[in-house]
Amino acid sequence: MIRLPSTHAAITAPLVASSTRFPGIPIGRSLLDGRPFRLSPVLAEAAVLPSTNSLGLGGLGSGKSTTAKVRIRREILDHGHQAVVIDSFGEDTSGGEWAPLVRELGGRVIKAGAFTLNPCSGLFPPEVREQLIRSLIAAVEPAALDPQSTHALQHALNHPKSTSLNGLVEALVCPEDGRWPAVKLAEWGEGPAIALSRYTEGSLRGLFDGEGASLPETDLPILSFDFSGLDRNSPAIPSLMAAVACWAEHVWLRQSTAVHRHLVLEEAWQILLSPATSELIQRLLKNSRKAALSMDVVMHTLSDQGDGKAQDLARLCEIAHVGRLGPEEAAIVGAILGLPAWAVDRIPTLDPGQAVWKVGPDYIDIVQTVLSEDEARLTDTSSRRRKAQQAAAVSVEAADETEPETEFLDLDHVGESLTDAEAHIEQDTTESDWGWGMPPNVIDTRHQDVLQAAREGRCNEAAQMAAIGEREDINAHGINSDQAISWLATQVRVAELCGDPTQAARLRATVARMGKDVEWWQRQPATSDTADPAWHSAPQPPPPTSPPASDGGGGSARPRRRTWPYVATIAVLAIASAGVWQKAEDDQQRRESQEKAAAYKGVSAVDLRIDGVKTETLAVWSKDGRSVVLSAWVNSAEKPKLVRIDSADQTAKEETQPLKPGQFPMPIRLEVKVPVKDRYQPVQLKIAVGGPHWKPDSKAPHRTIEFHPDRTAIDIETGKRLKQQYSRLL
C-alpha cells in the first residue's frame, strides 16, 4: 500500500464517489477535484444507473436550462439521439426558448395551434383515447368526472359519431339507450360535455376539435412544441401536454429509428401541477427504460408543486442537477432527492452554470458546465436583459468618456470556441492539474527525483521522498505556502503512476478546496529532458563576492593587526553555546508542530446511538483555524422526538411535531459554530436525544464527545476513543 502523507485538510472534501467515472458526452468540470465530468445516462451500466431520467432545478439565471440544452445538443451530434421538447417559456415570439437550438440542429418548431391532434383518432388504442380525453376534461374541470360521468363517457366513446371531439360531445348530450336509460346517461354526461365544449366552442377551440390529425414528422433530430405564446396559467398547457405525451408514446416512439430518445419538459411546473398529466408523465417515466426514452424535466423549484404526485415524479429521476436556490428551497430539494447536508449548504452559494449533481444513489459532485461559443449563443435566455444592460452601459459611457467601458455578460454562458471547450474538458487527466502562480525562483529537482523513482516502480521510496520534501518546505515556507502545496501535485502524479487513483482524487480535492484553480500543472514550463513541469522552491543564496583587487603597489602591505575580530569570535562562541540549548528546545517544538501538522485533518465524525436513535455527529475546523462547526443529523426514520446539541455557550434544539395531512417527515439537522484559539484545539459537544418513547417532561439521555482535528474523538464519560465514521454531513 502506498502511503502519501499530506498535512493539509483534504479529508474535509466531500468525496462521495470521487473515483467514479461515467461514459458519454462531456458536460463540464468537477469543482471538487478538477476532473472532467462526462455523462450519457444510456451508456452507463444498468446496475449503476437503473433509469436514465433526469431533473434540472434552479432559480432564474442559475444555468439549469443552458445545461439541459447543451446535454441534448451534444447527445444528438455525438450519438444520434432524437428529442422532443415541450417549451412553455420564451422571451419573444420567435419560437420559444429552445427555437435557436432546434433550428441549428435541423429540427422543427411547432407553435401551439399550428397542428391538430384529434383525441378520438384511430391512431390511438381505445384505452389511450379514453385516458387522453379524461386528461383534457380534468385540465379544465377537475371535478367533472365521477363514477357516473365516467360511465357516460365510456358509453359515448363507443358511439359511431365519436370520431371527433364534436361528435363525442354530441354523443354525451344526446346518448342512446344502453345498460342505463338514455335520460340517465344524458344527466351523467352533462359535466364531461360542458368541459369538452371548452375545446369545441370556447377559448381552447382549434387545438383538438379537428376531424383528422395533422401530426408532425417522426424522423427529425429534434422537435419543439412551442407553448410560450399561451398564458402560463392556461389549461391549454396541461391539455396540450397530455396530447403530445400520447402522440410521443404511441406514434413517435413507435416510428422513430433513433437509438435513444429524449422527452424534455421545459418549465414543467404548470404541466406537472395537473393530476391528469402527472399520471401520463409518471407512466412514461416508469416505462422509459424499455421504451429507450429519457425524460428530462427542467423547472425552477419543487415547492411550487405541493406535496402530491408531482414530487413523487422527482423521486423517480435517477439524475438531478440543482443550480442556485434559496436556503429554504434547497432544504426541501435536499430532503426529496436525498442530498447530503454539505451539498444542500452549497446550493445557495453556487454561481451561474454551477450545479450540485446527483447521479444514481451514491454519486454527488459539484460541476461547472463548460460551453463553446456556438453553444453560448444558441442557449442564450437573457437577451432582453443584456440589451437593457448594454443600453445602460452606452449611456454611462456617453455621460463620462473617462470611465472604462463596462461589458455586461450573461454569466450562464462563458464563451469558448468548441475546440477550446472540448480541449478544456478533455485535458490529460493523468497529470496533476492545479492552477496558481509560483515564484520565479530556481528549479527544484527534488520533484523530478520523486517522479523518476515512481516511474521506475520504486513507489514506497517515491512516497517517502515526497513526504520529506513536503515537511522541509513546510518548515521553510509555511504549511499553506506554494512550495508546500506544490508537493501535493507531485503526490498526485506518484499516486497515478503507482496505480492509486482514489488517493490522487483526494489530493486533487484538497487543492480545489484550498481555492486553487485547475490549470497550474499545464501552465508550468517543462524541463529540457522531461515533459513534467518545473516546480520551484526558495531562491538559492547569492554567490560570494570577489575579494577586493590589489592597490597596485609593488608588494603586499602587511595588514594592520586588529583585536576586535577575536573579541567578536569569543562573543559569538558564548552566544552559540547558549543557543545550543535553545536550538534543541526549538527542534523539539518544531518536531511537535510537524507531528501535529502531519496528523491534522480538520474534521472528526462519529456515529452515536442515544436512546435507541442513531445520530451522526461531525466537527469541522475552519480553514483559518478560528472556529469549529459542530453538527448533528438524525434520520426521520429513527422517529426522534427531541434532538439538542450544546457547545461552549451555543445551543441548537428541535422537537418533532405531529405531521399534518400531506406533509412528509424531514430529517433533523442541527448546527452550532464555536470559536477556537487555533486549528489544533479540540472541542466538546454535548448531544441529547429523546427517542420514540421519550416524554416531554423527562430528561433526555445525553453524551458528551470531545472532537480532535486529527480525526479522533473521545467519549468524555468513559474516556474511550470512538470509531470514526463517514458522515452524511460531510
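Position one of the sequence shown corresponds to residue 59 (my numbering), numbered consecutively onward. We put the beta carbon where it would ideally sit given N, CA and C, even for glycine.
Same chain, Cβ closer than 6 angstroms to residue i, neighbours up to 5 away in sequence not counted
| i | result |
| --- | --- |
| Ala157 | Val167 |
| Arg129 | none |
| Trp679 | Gly660, Val686, Arg737, Pro767 |
| Leu211 | Pro250 |
| Ala511 | Glu519, Ala520 |
| Phe283 | Ile144, Ile168, Val302 |
| Ala244 | Pro233 |
| Val231 | Ala251 |
| Gln708 | Val730, Val732 |
| Ala349 | Leu311 |
| Pro385 | Pro406 |
| Leu194 | Ser297 |
Close beta carbons around residue i, own chain, < 7 angstroms, minus the five adjacent residues each side
| i | result |
| --- | --- |
| Phe765 | Ser662, Ala677, Pro740, Val741, Leu743, Ala771 |
| Leu159 | Lys127, Arg131, Leu436, Thr437 |
| Ala562 | Val550, Ala553, Glu554 |
Secondary structure of residue i, DSSP reduced to three states
| i | result |
| --- | --- |
| Leu190 | helix |
| Thr770 | strand |
| His320 | strand |
| Tyr257 | helix |
| Val428 | coil |
| Pro599 | Unreliable placement is indicated for Pro599, whose pLDDT of 43 sits below 50; no coordinate value is reported for it. |
| Arg667 | strand |
| Ile83 | coil |
| Val380 | strand |
| Gly748 | strand |
| Glu530 | helix |
| His505 | helix |
| Gly418 | coil |
| Gly114 | strand |
| Lys659 | coil |
| Val686 | strand |
| Met357 | strand |
Rounded straight-line distance, which links the Cα of residue j to that of residue i
| i | j | result |
| --- | --- | --- |
| Ile377 | Arg93 | 19 angstroms |
| Leu666 | Glu674 | 6 angstroms |
| Gly236 | Ile252 | 21 angstroms |
| Thr477 | Glu433 | In this predicted model, Thr477 has a pLDDT of only 44, less than 50, meaning its place in the structure is not dependable enough to derive any value. |
| Ser352 | Gly247 | 38 angstroms |
| Ser11 | Leu181 | It is not possible to answer for residue 11, since the shown part of the chain is limited to 59 through 788. |
| Ser112 | Phe285 | 22 angstroms |
| Ala75 | Pro398 | Since pLDDT at Ala75 reaches only 49, below the 50 mark, its modelled position is unreliable, and no value is offered. |
| Lys122 | Glu199 | 33 angstroms |
| Gly165 | Trp415 | 29 angstroms |
| Gln340 | Glu514 | 57 angstroms |
| Val142 | Thr560 | 39 angstroms |
| Leu509 | Trp545 | 11 angstroms |
| Cys517 | Gly557 | 10 angstroms |
| Gly748 | Leu118 | 41 angstroms |
| Pro296 | Arg79 | 38 angstroms |
| Arg566 | Glu528 | 16 angstroms |
| Pro462 | Ile526 | Bear in mind that the predicted position of Pro462 carries a pLDDT of just 38, short of 50, making it unreliable; the figure below should be weighed with that in mind. Roughly 50 angstroms separates the two Cα atoms. |
Test item: CB-CB of residue i and residue j under 8 angstroms
| i | j | result |
| --- | --- | --- |
| Gly138 | Val317 | yes |
| Ala197 | Ala301 | no |
| Leu288 | Leu254 | no |
| Ala401 | Gly411 | no |
| Cys178 | Ser220 | yes |
| Met523 | Asp507 | yes |
| Glu324 | Glu155 | yes |
| Ile134 | Val322 | no |
| Leu408 | Gly381 | yes |
| His379 | Gly114 | yes |
| Gly86 | Leu383 | no |
| Pro759 | Ala746 | yes |
| Ile774 | Ala655 | no |
| Leu101 | Pro84 | no |
| Leu203 | Tyr257 | no |
| Ala372 | Leu343 | no |
| Ala229 | Ala240 | no |
(request) Decide if the stretch 421-433 is in contact with the stretch 81-97; the criterion is three or more beta carbon pairs, one per stretch, under 8 angstroms apart. (result) yes
(message) Three or more C-beta pairs under 8 angstroms: does that hold for the stretch 306-316 against the stretch 273-284?
(response) yes
(message) Using a Cβ distance threshold of 8 angstroms, determine whether the stretch 717-735 contacts the stretch 683-700, with at least three qualifying pairs required.
(response) yes
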